[in-house]
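S.K.:
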Amino acid sequence: MGGKEEYYRSLKLWQQRPNKSKWIVRTETETRTYRAFSDKEYGTIYLAERIDYVGGGFLLLDYSGRKHLLSTIEDHLGRLIIFGQDEERGLIRSAMYKHGDVIDQLVAYDYDERSNLIRVRDRFGKSIEFEYDDANRVVLRRNRNNMTYTWEYDAEGRVIHTTGEGGIQEGYISYHDGYNEVKYSATGATEQYYYDGNNLVYKKVDSMGGETWYGYNSWHERTLVGTPEGKVVGYDYDDRGNLIRLTAADGAETVYEYDDHNRLIARMDAAGNREEWVYDTETALLLKHKEADGTVVTYTYEKDKQQPSAIEYGEELRAVLQYDTLGLISNITDGHGVCETFAYDDYGRPLKHKHADGNSTEWQRDRLGRVTRYATPGQSVMRISYDAYDLPVEVTSGNEVWTMEYTPMGNLRRQTRRTSSMRMVSALNYEYDSYDQLKFVENEHGERYFFERDLNGEIICERGFDGAERHYIRDLDGTVITTQLPDGTAVHHQHDQAGRLTYNKYTDGSWEAWEYDKAGRLTKA
């Protein structure tokens, strides 16, 4: 206490205790200051009262009541998040945004008699709901689209079964001495995870029997990954736990350098291409970035400002930047004096971008901030509506109407395209298995394009709309080594140790070949 700052490699942070009432924790991106509070139940507790960001800005956190509930969060621009409280039970009941004349409730929380969170409601009243067992463990979650998920536990409180409504994402977990096993009931796939004495996964056995191995150092940092086919990727670290060397399976090395604050200052790929970053020693602001091709990007700042007032890209390009009261870019002026302007709403979301030619792109938003109208030069105005999970369900452009439906996991299930008079132009249906892996695509004529997968989820067969089939033979890494074409002929593939395609051989004796440089870029075909 009162001593110098100490570094904790396992957490990659610095800590300092100036006195009994203060605790300072610093990383390369932010500094958090904690203050001591006296609590009847837990004794002395430390709560964050300020967060300072290296790139500029800060947050102030305030607490109230005998249970020290978070009451407000205020940023350096004066924007406030105000929390409604149940002081007697020590619970947060709501969060409200306030800035200037804007006051909006963001979210509300409901609890049961045991103080378990049972409902989270957004501004539109859409909610996520939870149910609990007698041990206060979540046993059911109902999403805003009314999709439900359930959990079951063993006598030790470990999850053994989880599923969504109708078997979506269903899985079973069993616990054994030294390993756990996961079973996916809908496909029959099974995976095993083996743990060492530090509860780190050192081996994974996939559903096809492939073994992936993991190595760690004494700090529990991963040092290698070995694939089922024997390809090994290595990781080396400095004495602060920063990755300094990534060695690919083909031996290619990417090297990283850091300053004393764990900030990346250089990176060099296997071909010798080097990038560099230079920071101000006092403000920690980025001053210069030298790209791999030698181009230098320079950042200029006004006194006591933490956002660049000008950016120079090489010797030819220069941009002068101005900002609004929220610290967002309001004007960009290039070296020829041509200006673009930007406008935002009270939350900092784009509303208007006036281009250099005088035309504008505009966004209109609903209360949740979702874009409901989009207008940009040269295109029809688009109007967009959404479901409860912010996914677009209808897009109109004046000439066409697009409608979309989704799976419970958010993947596209149906897409239709109609004219403004609602005449059908095209329709696509997407069918998935219980784990949202695509099974087939069906067009408006009822024709289907099928995908068949192995137990690892890799595609091993495609059957086109015309019924023609293409089969894939894969190695244990999942890399395609043979493609069987619809006419029965085969194409044999070769790859380098990094997994890049290097050779195709056809049954008629013809072939194709590819070469790459040390950085993996194609150099010859």
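Mapping the sequence shown onto our numbering, position 324 (from 1) lands on 324, and the numbers just tick up by one.
No residue lacks a Cβ here, since even glycine has one placed at the ideal position from N, Cα and C.
Here the structure is a predicted model, which is why all the values come from computation and not from measurement.
Just list the beta strand (DSSP E) runs in the region 2-63, keeping only unbroken ones of 3 residues or longer that don't cross its boundaries, in chain order.
M.R.: 6-8, 13-19, 22-26, 30-39, 43-53
S.K.: List the residues that DSSP assigns as beta-bridge partners of E515.
M.R.: K524
S.K.: Compute the Euclidean distance between the alpha carbons of T507 and T482, then round it to the nearest angstrom.
M.R.: 12 Å
S.K.: Tell me the DSSP bridge mates of N504?
M.R.: Beta-bridge partners of N504 (DSSP): H493, E512.
S.K.: Within 10 angstroms of the Cβ of W363, are there 16 or more other Cβ atoms? Answer buried if so, exposed if not.
M.R.: buried
S.K.: Answer yes or no: the CB of K22 versus the heavy atoms of the ligand MG, is any distance below 7 Å?
M.R.: As far as ligands go, the structure on display features none, and thus does not contain the ligand MG.
S.K.: Distance check for A319 and T300, CA to CA, integer angstroms please.
M.R.: 10 Å
S.K.: Report, in whole angstroms, the separation of the C-beta atoms of G164 and R137, which I expect to be a contact under 8 Å.
M.R.: At roughly 18 Å, the Cβ-Cβ gap does not stay under 8 Å, so G164 and R137 are not in contact.
S.K.: So, is W23 buried or exposed, given that buried needs 16 or more other C-beta atoms within 10 angstroms?
M.R.: Burial of W23 is indicated by the presence of at least 16 other C-beta atoms within 10 angstroms of its C-beta.
S.K.: Using CA atoms only, rank isn't needed, just tell me which of D236, K288, H336, G327 is closest to G314.
M.R.: K288
S.K.: How close, in whole Å, do the beta carbons of Y526 and Q307 come, if the pair is a contact with beta carbons under 8 Å?
M.R.: The requested residue 526 does not occur in the structure, where the chain is confined to residues 1 to 525.
S.K.: Would you mind sorting T523 into buried or exposed? The rule is 16 or more other CB atoms within 10 Å of its CB.
M.R.: Exposed, because fewer than 16 other Cβ atoms sit within 10 Å of the Cβ of T523.
S.K.: Would a C-beta distance cut-off of 8 Å place R417 and T396 closer than the cut-off?
M.R.: no
S.K.: Which residues in the same chain as L70 place their Cβ atom closer than 7 Å to its Cβ, once the five residues preceding and following it in sequence are excluded?
M.R.: Around L70, the same chain offers L61, Y63, F83, I92 as residues with beta carbons nearer than 7 Å, after the five sequence neighbours per side are excluded.
S.K.: Leaving out the 5 sequence neighbours to the left and right, which residues in its chain are closer than 6 Å to Y361 when beta-carbon positions are compared?
M.R.: The sequence shown places Thr at residue 361, rather than the Tyr named in the question. Shown here for T361: same chain residues with a beta carbon closer than 6 Å to its own, the five before and five after excluded, namely H353, T376 in chain order.
S.K.: Which same chain residues end up closer than 7 Å to T227 when comparing Cβ atoms and leaving out the 5 residues on each side of it in sequence?
M.R.: T212, D477
S.K.: Do you know whose CA, among V296, D346, N359, lies nearest D366's CA?
M.R.: D346
S.K.: Please classify D408 as buried or exposed, where buried requires at least 16 neighbouring CB atoms within 10 angstroms.
M.R.: The sequence given here has Pro at residue 408, not Asp. Buried: at least 16 other Cβ atoms inside 10 Å.
S.K.: So if DSSP puts I311 in a beta bridge, which residue, or which two residues, is it bridged to?
M.R.: Looking at the DSSP assignment, I311 forms a beta bridge with Y299, A319.
S.K.: For Q379, which of I265, G398, A498, N145 has the nearest alpha-carbon?
M.R.: G398
S.K.: Bridge partners for G164 per DSSP, in chain order?
M.R.: Y149, per the DSSP bridge assignment.
S.K.: Just the Cα atoms here: how many angstroms apart are Q192 and T150?
M.R.: 23 Å
S.K.: Would you list the residues sitting across from F440 in a DSSP beta bridge?
M.R.: E431, F450
S.K.: Using the rule of at least 16 other Cβ atoms within 10 Å of the residue's Cβ for burial, across every protein chain shown, is R349 buried or exposed?
M.R.: exposed
S.K.: Quick check on E113: buried or exposed, where buried means 16 or more other Cβ atoms within 10 Å of its Cβ?
M.R.: exposed
S.K.: In whole angstroms, what is the alpha-carbon distance linking S309 and D52?
M.R.: 21 Å
S.K.: If you reduce the DSSP assignment to three classes, tell me which class Q484 lands in.
M.R.: strand
S.K.: Leaving out five residues before and five after G464 in sequence, what residues of the same chain have Cβ atoms less than 7 Å from its Cβ?
M.R.: Y449
S.K.: Measuring straight from C-alpha to C-alpha, what distance separates Y34 and Y46?
M.R.: 6 Å
S.K.: Taking E316 and A292 to be in contact with their CB atoms under 8 Å, please state how far apart those CB atoms are, rounded to whole angstroms.
M.R.: Contact doesn't hold; Cβ gap of about 18 Å is too wide.
S.K.: I'd like to know whether the C-beta atoms of R123 and F130 end up nearer to each other than 8 Å.
M.R.: No; because the gap between Cβ atoms is not below 8 Å, this pair is not in contact.
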